[in-house]
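What follows is one structure encoded as C-alpha cells, with my remarks underneath.
Residue numbers (this note's numbering): 30 to 143.
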C-alpha cells in the first residue's frame, strides 16, 4: 500500500535460507533478497519511500521443524541500515516502522538484520 508508504514481502525461502525477487512500483524497481540473518531491498532504477516495511516472518517464533521457522531462526530485528548507515526504527509484529520514512535509491540498499 504505497499510498501509506508501506511495502511488504513474505518469501518462501530455500533450505539454505535464500530468496530473491524483482519488485516494481510506479516510483521505481529493484530487488528484494533474503539470506540467513538479513533481508535487503535494493532499488535499481528510481526510488522507493518507505514508512512501514512488512516482513511477517520477522514476527515468527521457532515452534517446530517447518522450513520457515528453521530458515528464519533469527527473527528479531536487531538493526536496520540504509546505504551502510544506521536507521532509527520501531519493530513490532512483523512491521518495521520508520519515522521519518526512508528513501531508498540506487546505490543505497536498505538492510534489515535479524
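Backbone N, C-alpha and C define an ideal beta-carbon position, used for all residues, glycine too. The structure presented is a predicted model; accordingly, all values stated were derived computationally and were not measured.
Item to check | Alpha-carbon to alpha-carbon, residue 45 and residue 129 | outcome: As a working note, residue 129 is residue 100 in the chain shown. As a working note, residue 45 is residue 16 in the chain shown. In this structure, the straight-line span from the alpha carbon of residue 129 to that of residue 45 is close to 34 Å.
Next on the checklist: Check whether the segment 106–125 and the segment 68–87 are in contact - that is, three or more C-beta pairs closer than 8 Å.
Outcome noted: Yes, the segment 106–125 touches the segment 68–87.
Checklist entry - Do you know offhand how far residue 62's Cα is from residue 33's? => result Against the chain shown, residue 62 aligns to sequence position 33. Against the chain shown, residue 33 aligns to sequence position 4. One Cα belongs to residue 62, the other to residue 33, and the distance between them is close to 23 Å.
Item to check | Cβ-Cβ separation, residue 114 to residue 142 (assumed contact under 8 Å), whole Å | outcome: Here residue 142 corresponds to residue number 113 of the chain shown, with the count starting at 1. Here residue 114 corresponds to residue number 85 of the chain shown, with the count starting at 1. In this structure residue 142 does not touch residue 114 by the C-beta definition: roughly 13 Å separates them, more than the 8 Å allowed.
Checklist entry - What separation, rounded to the nearest whole angstrom, lies between the Cα atoms of residue 36 and residue 43? => result Counting from one through the chain shown, the residue named residue 36 turns up at place 7. Counting from one through the chain shown, the residue named residue 43 turns up at place 14. One alpha carbon belongs to residue 36, the other to residue 43, and they sit about 22 Å apart.
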